[in-house]
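350 is the number of the first residue of the sequence shown in the numbering used here; add one for each residue after it. Ideal Cβ placement from N, Cα and C applies to all residues, glycine included. Bear in mind the structure is a predicted one, so any value in this text is a computation, not a measurement. Here's the structure we're looking at; comments come further down.
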Amino acid sequence: MRVPRSLVVLIAVAIIVRLGAFWFAIDTVGIEGFVRGDAIGYVELATNLSHGNGFVASIQGVPTTEVFRTPGLPLLIAPFTFLPSGVLAYGFFMSILAGALLPMLTYALGRRVAGESAGMIAATLLAFEPHAVMYSFLPQTEVPFMIFSLAGLAATIVAHERLSYLYAVFAGALLAYAAFIRPGLFPIFAVLAFGTIAFQIYRRDRFLLTSAILLVFVASLIPWHVRNYAVSGAFALSGQGWRNVYTDYVSSVRSLENDTPYYEEKEKLKQEALPRFGITRAGVNDPKNANILRDAALKEMWEHKFTVLKLEAALLTTFFFNDGYYYEFRYLGYLTDSGAPHISPTYEILRNGLGALPAITGELARQAFIPLWGRFFTIGTFALAAFGFFLVRTPVRYVLIAAIGLFALTSTAIGLGLDARLRIPVEPLIFIFASAAIVWLSQRVRSFYASRYLHSRVQ
C-alpha cells in the first residue's frame, strides 16, 4: 500500500499531540490521576506477573487468583514495570504506538471500505478525537483493544481480496488477542468471524473458509487456558458479564420500575436477592455462579421486558450521543472547573430515582456542563455515519455495522452505557461511515458550485 505524504504528516502530528497531552496530564494530576479506576487493578496484575507472583490481585489484603479481568492488558504492561518509571514508560510508549498505528489502520480500513478520501478523513478524526488521545496513554483496555481489533479487521479484508491464508491466520491472531484484552466483548468477534465465513461461502472460497472456521475455534480457546486463569470459555458472558447484568442492569430496571434510587436498589439486591441463591457478596465474582446469575437476570428482565426495552433505548442513546469530554478533561487536569458532573445523564436519572424515562430528554438539555461542541460532534458524527452506511457499497459494511450494533448492546448490558469511553473501540468504524457521507456531501457541494460557475460563464 502506498502511504500518502499527508498520512505521514498526520501520524507525526498525532504522536506529538498524544505526547503533549500525556506530559500535561502527568505534570498536572501526577501518577495518582494517571492510574485510576480500572487501571489500578490492571497495573497491580501486571506487577504481580512481572515479579513471578502469578495472575493474582489483592482482595482485602489477601492475594487471590484474578477471575474478573483477563491477562491481555497486564501482559502488555508487565515489561514496563521493570523500568524505573514503571507504568509511565508504558504511557509514553503507547502514546507513540497509538499515534502511529491508529491513523494508519483507520486509513487502511477506510480506504478499502469507503475509498481513499474517506479513509483519510476517518484517520484524521480518530487522530484528534479527545478520547482516542487521552486513552492512548492510560493503562486501560480501550485503545489496545482498538489497535488489535482494527488490525484484525484490516487483515481480514486483505485476506478477502488476496485469498491469502497467511493474512487469514494473522487476522485470527490479532482478533484473538483483542478478545484476550476485552473478553466481555468477545461476541463482536463472533459476528466478525461468522460474517467472514458467510462471505467465504458466498464467494465459494473453500480454502479460506476452512481457515476461518479453524481460527474461530482457536480464538475461542486460547484465552481461557493460561496459567492461573482456569475459567470456562463462557467467561465473556458469565463470570464478568452476568455478574454485571444481574447486579447493575437488573438494579437499573428495578430502579425505574419502583421509582427509587439506583444504588438503593443495588444494595437491596445484594442484601436480599443474592442470599436466596446461596451467593455471597464475594460470590458474584465466582464464575461457578454464572449460570445462577444468568438465569435470575434473564427471568427478571423477561418479567419487565417493556421497561428493559425503554431502558435499553435510553442507554443506547447515551452510548452514542454522550461525549463525556468534560468529565475526562477535568479528571486529567485539562480543566480546573470546580463542578463535578457525572459521566452520563442516564446515571443521574437512575441515581436520583427519576423513574420517568422521558425525563432523559430534559436532563440532556439541562446539562450545560457538557460543552455543546462535544455533544454536537458526537451527534453529528453518528448522523453522518447512519447516512454513510447507505453510501458504502462494499459487502463488508454489514459486518462492520453488525459489530457496532453488537458492541453497543454488549456495552450497555455490561457497563450500563454510563461511560463514554465504552464507545472508543468502535469509533473508527463510525468515523469511516461518517467520512463516506462527508465525501459524498463535499462532492455534491463542489458539483453544485461548479455548475453555477459554468452557468454564469455561459450567460
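Put Val-352 into one of helix, strand or coil per three-state DSSP.
The answer is coil: DSSP assigns Val-352 none of H, G, I, E or B.
Measuring straight from C-alpha to C-alpha, what distance separates Glu-614 and Tyr-595?
Their Cα atoms are separated by approximately 12 Å.
Checking 8 Å against the spacing of the C-beta atoms, do Leu-359 and Thr-505 come in under that value?
No. Outside cutoff.
Apart from the five residues just before and just after Thr-743, which ones in its own chain have a Cβ nearer than 8 Å to its Cβ?
Excluding residues within five positions, the ones whose Cβ falls inside 8 Å are Arg-461, Val-462, Ala-463.
Cutting at 7 Å between CB atoms, please list the residues of its own chain near Phe-738, excluding the five before and the five after it.
Excluding residues within five positions, the ones whose Cβ falls inside 7 Å are Arg-746, Ile-750, Phe-782.
Looking only at C-alpha atoms, which of Pro-452, Leu-475, Val-392 sits nearest to Gly-440?
Closest by alpha carbon: Val-392.
My assumption, with CB atoms under 8 Å, is that Asn-397 sits in contact with Gly-403. Please give the rounded CB distance.
Indeed, because the Cβ distance is near 7 Å, the residues count as touching under 8 Å.
If contacts are defined as beta-carbon pairs under 8 Å, then Ile-753 and Tyr-484 qualify, I think. What distance do you get, rounded to the angstrom?
Not confirmed; about 18 Å, so no contact.
Assess, as a yes-or-no matter, whether the stretch 354 to 373 is touched by the stretch 475 to 494 under the definition of 3 or more beta carbon pairs within less than 8 Å.
Yes, the stretch 475 to 494 touches the stretch 354 to 373.
Please go through the same chain and pick out, in chain order, the residues whose beta-carbon is closer than 6 Å to the beta-carbon of Ala-785, but skip the five residues on each side of it.
Answer for Ala-785: Ala-463, Ala-467, Gly-737, Leu-740, Val-741, listed in chain order.
Tell me which same chain residues have a C-beta within less than 8 Å of the C-beta of Phe-797, skipping the five on either side of it?
Excluding sequence neighbours, Phe-797 sits near nothing in its chain.
In whole angstroms, what is the alpha-carbon distance linking Val-788 and Ala-757?
Between Val-788 and Ala-757, the C-alpha separation is close to 26 Å.
For His-400, count neighbouring C-beta atoms within 10 Å of its own C-beta (all shown protein chains included) and say buried if the count is 16 or more, exposed if not.
Exposed is the call here.
Taking the alpha-carbon of Met-443 as reference, which of Phe-373, Val-482, Tyr-598 has the nearest alpha-carbon?
Ranking Phe-373, Val-482, Tyr-598 by Cα distance to Met-443 puts Val-482 first.
Identify whether Ile-365 lies in helix, strand or coil by the three-state DSSP scheme.
It is helical.
For Gln-489, count neighbouring Cβ atoms within 10 angstroms of its own Cβ and tell me buried if that reaches 16, exposed if not.
Gln-489 should be labelled buried.
Shortest alpha-carbon distance to Phe-497 belongs to which of Leu-437, Leu-425, Pro-624?
Closest by alpha carbon: Leu-425.
I'd like the ranges of any beta strand (DSSP E) spanning at least 3 consecutive residues and lying wholly in the stretch 439 to 499.
You should have found no qualifying run.
Anyone know if the C-beta pair for Ser-760 and Leu-771 falls short of 8 Å?
Going by C-beta atoms, Ser-760 is nearer than 8 Å to Leu-771.
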